[in-house]
Amino acid sequence: MARFVVLKGGASYKLFEFDGNIARIGSGETMDLNLDSPGLTGDLFFLTKSANGYEIERRNDGLSFSVNGAPGGNRVLLNDGDKVAFLDYLIIATYPPTLGSPVPAPEAAKAPEAPAPPKVSKDTAPVVSAAPQPPPPPPPPPPPSQPEQPKPAPRGVERPTTIIDSAAMMQSQQAKSPPPPPPVQREQQSASPRQGPPTTDVGRPERQAPAAPRKARITPVYSLVGLSGQYKGQVREIDTRDFVIGRDSSVCDLVVDRTESGDLDNSVSREHFTIVATDEGLSLIDKKSRLRTFINGKVIEPNQRESIAPEDIISIPVPTGEVKFRLCFVGNENFSPDKGRSKYLPIIIGLAVLITLLIVATIWLLGD
Numbered sequence: 416m417a418r419f420v421v422l423k424g425g426a427s428y429k430l431f432e433f434d435g436n437i438a439r440i441g442s443g444e445t446m447d448l449n450l451d452s453p454g455l456t457g458d459l460f461f462l463t464k465s466a467n468g469y470e471i472e473r474r475n476d477g478l479s480f481s482v483n484g485a486p487g488g489n490r491v492l493l494n495d496g497d498k499v500a501f502l503d504y505l506i507i508a509t510y511p512p513t514l515g516s517p518v519p520a521p522e523a524a525k526a527p528e529a530p531a532p533p534k535v536s537k538d539t540a541p542v543v544s545a546a547p548q549p550p551p552p553p554p555p556p557p558p559p560s561q562p563e564q565p566k567p568a569p570r571g572v573e574r575p576t577t578i579i580d581s582a583a584m585m586q587s588q589q590a591k592s593p594p595p596p597p598p599v600q601r602e603q604q605s606a607s608p609r610q611g612p613p614t615t616d617v618g619r620p621e622r623q624a625p626a627a628p629r630k631a632r633i634t635p636v637y638s639l640v641g642l643s644g645q646y647k648g649q650v651r652e653i654d655t656r657d658f659v660i661g662r663d664s665s666v667c668d669l670v671v672d673r674t675e676s677g678d679l680d681n682s683v684s685r686e687h688f689t690i691v692a693t694d695e696g697l698s699l700i701d702k703k704s705r706l707r708t709f710i711n712g713k714v715i716e717p718n719q720r721e722s723i724a725p726e727d728i729i730s731i732p733v734p735t736g737e738v739k740f741r742l743c744f745v746g747n748e749n750f751s752p753d754k755g756r757s758k759y760l761p762i763i764i765g766l767a768v769l770i771t772l773l774i775v776a777t778i779w780l781l782g783d
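Dropping the structure here:
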């Protein structure tokens, strides 16, 4: 009967004795070896009996384990003394000299019995041999006593936990087996905390869009300088080809969901507008926003594509105050407030130039 010693955190946890063909290891009342730990569900491994021992088969693809310090595959044959490590558990396999029923020890050879002396009657005198008789053979030694084998437990029923000297057992197993190779370090990705679903203006939960694929980063050449609103006095570099600005943190590169004073504000659309970077320059596309997007005071219609250049002012007219950004080159940011641009400025400049030319021409004619 095979015995599997289970250690948890380096301390004795369970002793599992098994003599069947297949055993289930996992978390649940239906398991043959129930680990009964939080975070574990369903089948983790199968133990399958073979001619050379037991094979352990992984049943959970997301679980990694090692045998004697080396990464294990989907199915590994366990030898006597092998150690299976996963999570904070360690399972040590111990086998009897032979798998299956123990082989009974051969009976000791019977010594030849000495011939019985002839019966002597009253009328016959005993006959005494003159030849010396050899000494009788010594009695055979008693057969060695075999240790009492524990009765096998019914399949699926665990024996009570037995206190085991884990330190002594580990020393004896290390003396038998060669030193394991250095463990393989695996990178673990830290899970980001889950954010709650965004809400609409009426307070009902809004259907959350699926997570956008990770965008390819580019070397930032342009940046946005916050002139008013949530990012006033801050700089955000445009480091993706499709730089999305809006309220939804799962798809936007720059999230605008608060006022300049820090209060929550849901006026901006989930995807308000996108700045597209190409070899020819930058352009802005309004994503069918409710409040629209303005460039230097000019409204951009839904899905309209408009070219932008450094020193252009991009604004969103939210009810709590206008959100303004200035497009700049990286390293040449301009934080001066927006003074506004008049559409009549080119006409005024043209008239001033014309008047200057007329004055010069008049002076020249009068001088002649």
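Each residue of the sequence shown is one higher than the one before, counting from 416 in the working numbering. We put the beta carbon where it would ideally sit given N, CA and C, even for glycine. Here the structure is a predicted model, which means the values were calculated and not measured.
- The way I'd put it, the stretch 677–688 does touch the stretch 698–712; three or more beta-carbon pairs between them come closer than 8 Å.
- Rounded to whole angstroms, the gap between the alpha carbons of Asn475 and Asp701 is 47 Å.
- By DSSP's assignment, Val640 forms a beta bridge with Val650, Arg741.
- Under DSSP, Ala438 takes part in a beta bridge, and its partners are Leu462.
- Beyond the five residues adjoining it in sequence on each side, Val733 comes within less than 7 Å, by CB distance, of Asp680, Ser682, Val683, Leu706 in the same chain, given in chain order.
- Per DSSP, Asp495 is not a residue of any beta strand (DSSP E), being assigned neither H nor E.
- Asn483 is classed as buried because its beta carbon has at least 16 other beta carbons within 10 Å across all chains shown.
- Going by DSSP, Ile690 is part of the beta strand (DSSP E) stretching over 688–693.
- Looking from the CA of Gly641, the closest CA among Ala631, Arg632, Thr674, Phe419 belongs to Thr674.
- Excluding the 5 residues flanking it on each side, Phe461 has same chain C-beta neighbours closer than 8 Å at Ile437, Ala438, Arg439, Ile440, Ile471, Glu472, Arg474, in chain order.
- At a Cβ-Cβ threshold of 9 Å, Ser643 and Lys739 count as neighbours.
- Each of Gly487, Asn467, Val745 was checked against the Cα of Tyr510, and the nearest Cα belongs to Asn467.
- Taking C-beta separations shorter than 7 Å and ignoring five residues to either side along the sequence, Ser751 has no partners in its chain.
- Secondary-structure assignment with DSSP links Ile778 through no beta bridge to anything.
- Boundaries of the beta strand (DSSP E) harbouring Leu422: 417–423, taken from the DSSP string.
- Contact annotation, Glu726 with Arg741: C-beta distance approximately 7 Å; criterion of less than 8 Å satisfied.
- Looking only at Leu769, Val491, His687, the smallest Cα-Cα distance to Arg662 is reached by His687.
- The closest CA to that of Lys630, considering only Val659, Arg651, Tyr646, is found on Val659.
- For Pro732, the uninterrupted beta strand (DSSP E) run begins and ends at 728–733, by DSSP.
- At a Cβ-Cβ threshold of 9 Å, Gly454 and Leu505 do not count as neighbours.
- CA-CA distance, Asn449 to Ser442, rounds to 5 Å.
- Val683 sits in coil when the DSSP states are folded into three classes, being neither helix nor strand.
- According to DSSP, residue pairing for Ala767 in a beta bridge does not occur.
- Per DSSP, reduced to three states, the secondary structure at Leu450 is coil, with no helix or strand assignment.
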